[in-house]
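S.K.:
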Amino acid sequence: MKALITGITGFAGRFLAEHLVACGDQVMGTVRDLTRLPQQDPSWLNSIHVVPWDLATHIPAETRSQIAKFAPETIFHLASISRPADCGDKQPHDMAVRVNVEGTRSVIQLTLSLGSPARLVFASSAYVYRVPPKVRWQVTEDAPQEPTSAYGKTKLWAEKEVLKAIDTDGLDGVILRAFQHTGPRQPARFMLPEWTAQLVLGTDPLPVLSLDSHLDLSDVRDVVRAYRHVAQSGNPHTVLNVGSGRSWRSGDVLELLLRTAGSNHRIQEIHPGVRAHPIADIGRITATTAWAPEIPLEQTVRDTLAYWRKKSET
24 MKALITGITG FAGRFLAEHL VACGDQVMGT VRDLTRLPQQ DPSWLNSIHV
74 VPWDLATHIP AETRSQIAKF APETIFHLAS ISRPADCGDK QPHDMAVRVN
124 VEGTRSVIQL TLSLGSPARL VFASSAYVYR VPPKVRWQVT EDAPQEPTSA
174 YGKTKLWAEK EVLKAIDTDG LDGVILRAFQ HTGPRQPARF MLPEWTAQLV
224 LGTDPLPVLS LDSHLDLSDV RDVVRAYRHV AQSGNPHTVL NVGSGRSWRS
274 GDVLELLLRT AGSNHRIQEI HPGVRAHPIA DIGRITATTA WAPEIPLEQT
324 VRDTLAYWRK KSET
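Each number in my numbering comes from the position in the sequence shown (counting from 1) with 23 added on.
(1) Hey, quick one: how far does the alpha helix (DSSP H) through R332 stretch, first residue to last?
(2) Under three-state DSSP, which class holds Q291?
(3) Which residue from E125, P319 and S70 puts its Cα closest to that of Q49?
(4) For K157, I'd like the list of residues in its chain whose CB is within less than 7 Å of its CB, leaving aside the five on either flank, ordered along the chain.
(5) Contact between the stretch 132-148 and the stretch 109-122: three or more CB pairs below 8 Å?
(6) Using DSSP with H/G/I as helix, E/B as strand and the rest coil, what is H252?
(7) What does a CB cutoff of less than 7 Å around D245 pick up in its chain, not counting 5 residues either side in sequence?
(8) Quick one: what does DSSP say W339 is sitting in, helix, strand or coil?
(9) Using DSSP with H/G/I as helix, E/B as strand and the rest coil, what is S70?
(10) When you compare the CB positions of V243 and G206, do they come within less than 8 Å of one another, or not?
(11) Could you tell me whether the Cβ atoms of V262 and R200 are closer together than 8 Å?
(12) Among Q209, V154, L281 and H204, which residue has its Cα nearest to the Cα of A146?
(13) Which residue spans inside the stretch 67-124 form an unbroken alpha helix (DSSP H) run of at least 4?
(14) G52 to G257, Cα distance in whole Å?
(15) Just the C-alpha distance for V223 and T312, rounded to the nearest angstrom, thanks.
(16) If H42 sits next to R248, beta carbons under 8 Å apart, how far is it from one beta carbon to the other, in whole angstroms?
(17) Check for me: the beta strand (DSSP E) holding I131 runs from which residue to which?
(18) Do E292 and S233 have their C-beta atoms closer together than 8 Å?
(19) Does DSSP put H300 in a helix, a strand or coil?
Following this line, the structure appears as structure tokens:
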């Protein structure tokens with residue numbers, strides 16, 4: 024398979040690139056700024072051609088030409104402002120709309136303009152669903168999409184762009200609603216890596232936003248395998264949930280981390296209270312592809328801890 028990944032140097036993008044290369048695929052990627060390519064351990068980029076494209080602007084003519092020459096069979100659209108807090112509060116700011124919505128429209132137009140047919144795999148989010156009324160609330164792909172966050176709104180609007188192109192322009196597209204995923208190399212702005220980084224630094228007490236958040240948490244390496252499975256399958260569905268399919272309490276995840284690290288750190292809970300996040304019903308994707316989650320959370324935590332310990336030594 025010849026694959027183009029937008030946002031190839033992002034958290035999921037890099038793992039997807041590594042997975043595709045390991046499977047023998049030819050990979051090309053886009054980044055917002057070529058000067059910001061990873062400086063450490065760039066070996067994974069050796070077999071990948073990377074071109075610049077800031078989704079907040081028009082695609083450069085040279086980038087378009089190189090992508091057309093590469094002739095991807097699949098375009099994985101991962102590039103976005105992916106941290107919810109960076110998109111605004113309840114209403115998205117202009118840059119979030121330009122990147123997450125208008126940028127998706129540009130990727131769709133690129134896909135349709137290629138001389139050879141290509142499938143667009145769009146990385147959406149569980150944040151498009153409404154806030155569940157209780158914990159352990161599973162959602163199918165047909166559950167109400169009523170996002171309350173600015174990030175969720177931009178993802179839902181982007182989904183509508185994909186669906187419109189499928190209906191009116193014959194786009195070969197599929198939407199993957201990825202639930203929370205984590206693992207080594209994830210920035211410390213997110214739950215597990217934030218705790219792990221502070222634990223390794225010796226922060227005591229360890230500040231934790233909430234010990235009673237209930238969420239679907241999976242390993243990023245499982246999620247990127249799902250992307251490839253969907254790209255290669257003749258799946259009849261346009262929208263698919265990707266997650267672990269189970270509910271994790273944040274306090275239990277923290278306890279697992281402390282146990283793995285052999286730590287007796289004190290904990291400082293900042294905002295106590297129950298918080299419910301939607302849990303993925305993954306019946307559709309497991310029934311229509313060969314994919315299923317494989318990596319246990321214990322391994323995810325262990326690998327994340329090892330990453331931050333090694334990082335602290337450099």
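Ideal placement from N, C-alpha and C gives every residue a C-beta, glycine not left out.
M.R.: The relevant details are as follows:
(1) Walking along the sequence shown from the start, residue 332 turns up at place 309. L320 to S335 is the extent of the alpha helix (DSSP H) around R332.
(2) Within the sequence shown, the letter at position 268 stands for residue 291. In this structure, Q291 counts as strand in the three-state DSSP scheme.
(3) One-based indexing of the sequence shown puts residue 49 at position 26. Nearest C-alpha to Q49: S70.
(4) Residue mapping note: residue 157 aligns to position 134 of the sequence shown, counting from 1. For K157, where only same-chain residues beyond five positions count, the Cβ hits under 7 Å are A299.
(5) no
(6) For the purposes of this step, residue 252 is identified with residue 229 of the sequence shown, where counting begins at 1. Of the three classes helix, strand and coil, the one that applies to H252 here is helix, per DSSP.
(7) Position 222 of the sequence shown holds residue 245. Hits under 7 Å: P316, E317 and I318.
(8) Outside the shown range of the chain, which is 24 to 337, sits residue 339, and nothing can be said about it.
(9) Your numbering for residue 70 matches position 47 in the sequence shown. Here S70 sits in coil by DSSP.
(10) Here residue 243 refers to the residue found at position 220 of the sequence shown. Here residue 206 refers to the residue found at position 183 of the sequence shown. Yes; because the gap between Cβ atoms is below 8 Å, this pair is in contact.
(11) As a first step, residue 262 is located in the sequence shown; it is residue number 239 there, counting from the start. As a first step, residue 200 is located in the sequence shown; it is residue number 177 there, counting from the start. Yes; because the gap between Cβ atoms is below 8 Å, this pair is in contact.
(12) To locate residue 146, count along the sequence shown from 1; it is residue 123. Residue H204 is the option with its Cα nearest to A146.
(13) 84-93
(14) Position 29 of the sequence shown, counted from the first residue, corresponds to residue 52. Position 234 of the sequence shown, counted from the first residue, corresponds to residue 257. Whole-angstrom Cα-Cα distance: 24 Å.
(15) Here residue 223 is taken as the residue at index 200 of the sequence shown, counted from 1. Here residue 312 is taken as the residue at index 289 of the sequence shown, counted from 1. Roughly 39 Å between the two C-alpha positions.
(16) The sequence position of residue 42 within the sequence shown is 19, counting from 1. The sequence position of residue 248 within the sequence shown is 225, counting from 1. Correct: roughly 6 Å between the Cβ atoms.
(17) Numbered from 1 along the sequence shown, position 108 holds the residue referred to as residue 131. No beta strand (DSSP E) holds I131; the alpha helix (DSSP H) holding it covers G126 to S136.
(18) The residue you call residue 292 lines up with position 269 of the sequence shown. The residue you call residue 233 lines up with position 210 of the sequence shown. Their beta carbons are under 8 Å apart, which means E292 touches S233 by this criterion.
(19) Stepping through the sequence shown from its first residue, residue 300 is reached at position 277. Here H300 sits in coil by DSSP.
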